[in-house]
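Which chain is which? The protein sequence lines are A and B, in order.
Going by full-length UniProt numbering, the first sequence opens with residue 1, and the numbers climb by one from there.
Going by full-length UniProt numbering, the second sequence opens with residue 1, and the numbers climb by one from there.
Each residue gets a CB set at the ideal place from its N, CA and C atoms; glycine is no exception.
Single-structure report; data block below.
There are 2 protein chains.
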Amino acid sequence: MTSPEGYDKYAFEPFAVTVDLAVLTLRAGTLQVLLVERGQEPYAGRWALPGGFVLPDESAEEAAWRELAEETGVTDGSGLHLEQLRTYSEPGRDPRMRVVTVAFAALLPDPPVPHGGGDAAQAQWLRFDAVGPLAFDHDRILADAHDRVGAKLEYTCLATAFCPPEFTLGELQQVYETVWGTPLDRPNFRRKVLATPGFVEQVPGAARLTGGRGKPAALYRAGGATALHPPLLRPTTEGRPR
Amino acid sequence: MTSPEGYDKYAFEPFAVTVDLAVLTLRAGTLQVLLVERGQEPYAGRWALPGGFVLPDESAEEAAWRELAEETGVTDGSGLHLEQLRTYSEPGRDPRMRVVTVAFAALLPDPPVPHGGGDAAQAQWLRFDAVGPLAFDHDRILADAHDRVGAKLEYTCLATAFCPPEFTLGELQQVYETVWGTPLDRPNFRRKVLATPGFVEQVPGAARLTGGRGKPAALYRAGGATALHPPLLRPTTEGRPR
DNA sequence: ACAAAAGTGTTCTTGATACACCCATGG
DNA sequence: CCATGGGTGTATCAAGAACACTTTTGT
Chain A
1 MTSPEGYDKY
11 AFEPFAVTVD
21 LAVLTLRAGT
31 LQVLLVERGQ
41 EPYAGRWALP
51 GGFVLPDESA
61 EEAAWRELAE
71 ETGVTDGSGL
81 HLEQLRTYSE
91 PGRDPRMRVV
101 TVAFAALLPD
111 PPVPHGGGDA
121 AQAQWLRFDA
131 VGPLAFDHDR
141 ILADAHDRVG
151 AKLEYTCLAT
161 AFCPPEFTLG
171 ELQQVYETVW
181 GTPLDRPNFR
191 RKVLATPGFV
201 EQVPGAARLT
211 GGRGKPAALY
221 RAGGATALHP
231 PLLRPTTEGR
241 PR
Chain B
1 MTSPEGYDKY
11 AFEPFAVTVD
21 LAVLTLRAGT
31 LQVLLVERGQ
41 EPYAGRWALP
51 GGFVLPDESA
61 EEAAWRELAE
71 ETGVTDGSGL
81 HLEQLRTYSE
91 PGRDPRMRVV
101 TVAFAALLPD
111 PPVPHGGGDA
121 AQAQWLRFDA
131 VGPLAFDHDR
141 ILADAHDRVG
151 AKLEYTCLAT
161 AFCPPEFTLG
171 ELQQVYETVW
181 GTPLDRPNFR
191 RKVLATPGFV
201 EQVPGAARLT
211 GGRGKPAALY
221 RAGGATALHP
231 PLLRPTTEGR
241 PR
């Protein structure tokens, strides 16, 4: 231990511990992020990731769920995906004081209440590719969230977290194409998904029209599986970093 | 923000922020962990992961490097792998006060100084499969570190972090076999590694005897690549969790 | 009839698997 | 000359990529 004299609660300048959320969804065929506009300095007027303090009696995970509910209005977390990304702790990341933030990525299906004002600023959905410079180090957090989600689509069943309870394979494919930014071959995607036991299960008689025209598509639900074996690798962009 | 009145440094019970390190190495064909014996309550006499406070002017990463140097005596971090795992923040994880810890995994090649006492307790290498119940939630942190490392061997060049600067393909294969706990086919492993550009590069004329007997093995260095495409998947343990 | 979207089938190529076999060294 | 570990070759099989083609709907 660095502090041989033991734990003195006030031995150090206090650290604030917060959570920041990269809440992602797919709307109108684009990847969108939930952002709040800052009302005060620093970074007044800039967009920022929603977040807040971890309260004395809760874990970072509990704080993240709470913030997610406050910001989006979701009440029932089932089917929702919330995952810890990493912790950002550079001393200068908030000019006011030492703030260590535990970042989370949250994935929601399409219309998760456009924006519900839990407190302070109003939350808004913005297109992922059109977010200007964000407050603090939130650009980096958001980029890390995107990287992580893109990578996890390859070897987990995470994509269903972007879909409503019942979805078509075309919609599932759009998740991959939108997050990765590459088109996929429909027949091969279909086979791959159906060949993975527990990825999706068909809703017996159901079908739905998608683009207005065209053959109605069969509906599927997320299956019980979480991992994908073998993985669904994205088209060979050689030397992709992790 | 949960605190509309702004940032008051002392608005909350202070959080302590620490780092904990799961330092792994391969010695004598087994996976080993660096642990320290606790001298005081709580968990006096128990083994624990090395760690310590994040100081007011350093990031968690800097604190982790500092602790690693103090605990192992390594001075030159080049070639060493240190990676943030995740943050553990359950309110009750330390009975004395609220401690949020950022956990790291560190990978070292074989003999990184058996144990150098930076401070407090003496550090010791213990076999990974023989660690009894650790202090705090360190069992879980260590298990998470093992999972993460095992998974990253599949799709990154991480394995070389366990090897000295020059190593044989047999040694590299042992890394995989020891961490995964499964034997691999030597010819196929060899081809796979050599077919991945930038994974390893041969040291021109060099060769070394390994088991005393047998043909001397060619030596390799870690290449510049970090990702593995396509991945080197471990033998199909169906439905492996992530 | 045509466009659009779902769904099926087929071929070709690549990579993984499971071996058999040869090479160099120490005892 | 045999055991031991490094290194090569090869046949077989499963998975991925590419693309032609059929089906069902709306206009």
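Status (buried if at least 16 other CB within 10 Å, exposed otherwise) for Pro235 (chain A): exposed
Span of the beta strand (DSSP E) around Leu219 (chain A): Ala217 to Ala222
Between the CA atoms of Leu24 (chain A) and Met1 (chain B) - distance to the nearest angstrom: Because Met1 (chain B) sits at a pLDDT of 44, beneath the cut-off of 50, its placement in the model cannot be relied upon, and the point is left open.
Residues of the region 13 to 45 of chain A whose Cβ lies closer than 8 Å to any Cβ of chain B, in chain order: Glu13, Pro14, Phe15, Ala16, Val17 and Gln40
Any C-beta of chain B under 7 Å from that of Pro91 (chain A): Proximity of Pro91 (chain A) to chain B, defined by a Cβ-Cβ separation below 7 Å, is satisfied.
Proximal residues to Arg27 (chain B) (C-beta, below 7 Å), its chain only, five neighbours per side dropped: Asp110 and Trp125
Val102 (chain B): contacting residues in chain A (beta-carbon distance under 9 Å): Arg86, Thr87, Ser89, Val100 and Val102
Residues that Asp20 (chain A) bridges to, as DSSP identifies them: A:Gly51 and A:Ala103
Neighbour-count burial assignment, Asp185 (chain A), 16 or more Cβ in a 10 Å radius: exposed
Cβ shell of His138 (chain B) (< 6 Å), same chain only, five flanking positions each side left out: Ala48 and Leu49
Inter-residue Cα distance where the pair is Glu177 (chain A) and Glu154 (chain A): CA-to-CA, the gap between Glu177 (chain A) and Glu154 (chain A) works out to about 12 Å.
Residues near Gly223 (chain B) by beta carbon distance below 6 Å, same chain, minus five either side: Counting only residues of its own chain and dropping the five nearest sequence neighbours on each side, Gly223 (chain B) has a CB closer than 6 Å to the CB of Gly198, Phe199, Val200 and Glu201.
Ala195 (chain B) to Thr226 (chain B) span [Cα, whole Å]: 14 Å
8 Å contact criterion, which Leu19 (chain B) and Ala44 (chain B) should meet: CB distance rounded: Inspection of the sequence shows that residue 19 (chain B) is occupied by Val rather than by Leu. Contact flag wrong, Cβ pair sits at about 22 Å.
Beta strand (DSSP E) segment containing Val131 (chain A), residue limits: Looking at the DSSP string, Val131 (chain A) is not in any beta strand (DSSP E), and its letter there is neither H nor E.
For Glu71 (chain B), the first and last residue of its enclosing alpha helix (DSSP H): Ala60 to Thr72
Whether Leu219 (chain A) touches Val203 (chain A) by CB criterion (7 Å): yes
Nearest residue (CA-CA) to Ala161 (chain A), options A:Gly79, A:Asp57 and A:Gly52: A:Gly79
Cα-Cα separation between Asp129 (chain B) and Ala105 (chain A), rounded to whole angstroms: 33 Å
Best match in A:Arg208, A:Ala63, A:His229 and A:Trp180 for proximity to Gly29 (chain A) [C-alpha to C-alpha]: If you compare the alpha carbons of A:Arg208, A:Ala63, A:His229 and A:Trp180 with that of Gly29 (chain A), the shortest gap goes to A:Trp180.
Whole-angstrom C-beta distance between Thr87 (chain B) and Val54 (chain A), which should lie under 8 Å: Their Cβ separation, rounded to whole angstroms, is 10 Å, which puts Val54 (chain A) and Thr87 (chain B) out of contact at 8 Å.
Buried/exposed call for Glu41 (chain B), threshold 16 Cβ in 10 Å: exposed
Residue from B:Pro164, B:Lys215 and B:Ala159 with nearest C-alpha to Phe189 (chain B): Nearest of B:Pro164, B:Lys215 and B:Ala159 to Phe189 (chain B), Cα basis: B:Ala159.
Inter-residue spacing [alpha-carbon to alpha-carbon] between Arg191 (chain B) and Thr210 (chain B): 20 Å
Cα-Cα separation, Leu31 (chain A) to Asp144 (chain A): 15 Å
CB-CB length for Val17 (chain A) against Val17 (chain B), believed under 8 Å: 7 Å
Cβ-based neighbour list, Thr75 (chain A), same chain, cut-off 6 Å, excluding 5 preceding and 5 following: none
Cutoff 7 Å: Ser3 (chain B) Cβ touching any chain A Cβ: With a pLDDT of only 43 at Ser3 (chain B), under 50, the local geometry of the prediction cannot be trusted, and the value read off the model is given with reservation. So yes, Ser3 (chain B) belongs to the interface.
Under 7 Å by beta carbon: chain A residues contacting Asp185 (chain B): Going along chain A, no residue has its Cβ under 7 Å from Asp185 (chain B), so there is no contact; the nearest lies around 18 Å.
Residue environment, Gly77 (chain A), which counts as buried when at least 16 other CB atoms sit within 10 Å: exposed
Near-chain A residues of the region 209 to 231 of chain B (beta-carbon distance less than 8 Å), N- to C-terminal order: Ala225, Thr226, Ala227, His229, Pro230 and Pro231
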